[in-house]
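Read the structure below first, then the notes.
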Amino acid sequence: MQKRKSSADELIALILSGIEEVKGHDINLLDLRDIENTVCDYFIICNGTSNTHVNAIVGSIQKTVSKAIQDKPWHVEGSDNAEWVLMDYVNVVVHVFQKQVREYYDIEGLWGDAKVTSVESSFKQ
4 MQKRKSSADE
14 LIALILSGIE
24 EVKGHDINLL
34 DLRDIENTVC
44 DYFIICNGTS
54 NTHVNAIVGS
64 IQKTVSKAIQ
74 DKPWHVEGSD
84 NAEWVLMDYV
94 NVVVHVFQKQ
104 VREYYDIEGL
114 WGDAKVTSVE
124 SSFKQ
């Protein structure tokens, strides 16, 4: 089976779908394209309620993306303690946090120049 080239928009939609599938919280999309010297075009940031939930979100993203477009992250780190898992899809980097760790590192604050889009969840928290 040949892997086809997918667009960033399609990848983002699939990642968001994977997060929604297991009820990830507080989803933000940061558009970094207008900022000089960034490592990628987009960050997707969300959080889970425990290390089990964080790992479930990561697994759901990987499964959703792999099934739809046969793509997998170039690199994943942080799965062992699952307080902050980073998934690198090259142009899109996903950060899945536990809530208190997300508040501590404040990625949105560090990238204050980025255009932030808050993604509404289809479930009630």
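Residues in the sequence shown are numbered consecutively from 4, following my numbering.
Note that beta-carbon positions come from the ideal geometry of N, C-alpha and C, so glycine has one too.
Check whether residue i and residue j have beta carbons under 8 Å apart
i, j, result
"I60", "I30", "no"
"L32", "I15", "yes"
"V68", "E86", "no"
For residue j and residue i, the rounded distance between their alpha carbons
i, j, result
"N88", "T52", "Sequence check: residue 88 is Val here, not Asn. If you take the alpha carbons of V88 and T52, they lie about 13 Å apart."
"K118", "E24", "25 Å"
"I110", "I18", "18 Å"
"T120", "R36", "14 Å"
"T157", "G112", "Shown here, the chain extends from 4 to 128; a query on residue 157 therefore has no answer."
"Y108", "G81", "14 Å"
Per-residue burial, residue i [other beta carbons within 10 Å of its own, 16 or more giving buried]
i, result
"Q73", "exposed"
Determine, using beta-carbon pairs with one atom in the region 87 to 101 and one in the region 35 to 48, whether at least three such pairs fall under 8 Å.
Because the criterion of three Cβ pairs below 8 Å is met, the region 87 to 101 and the region 35 to 48 touch.
Which whole runs of the alpha helix (DSSP H) in the region 9 to 33 are 4 residues long or more, in chain order?
Within the region 9 to 33, the complete alpha helix (DSSP H) runs of at least 4 residues are 11 to 24.
Runs of alpha helix (DSSP H) wholly within the region 52 to 93 (minimum 4 residues, chain order):
54 to 72
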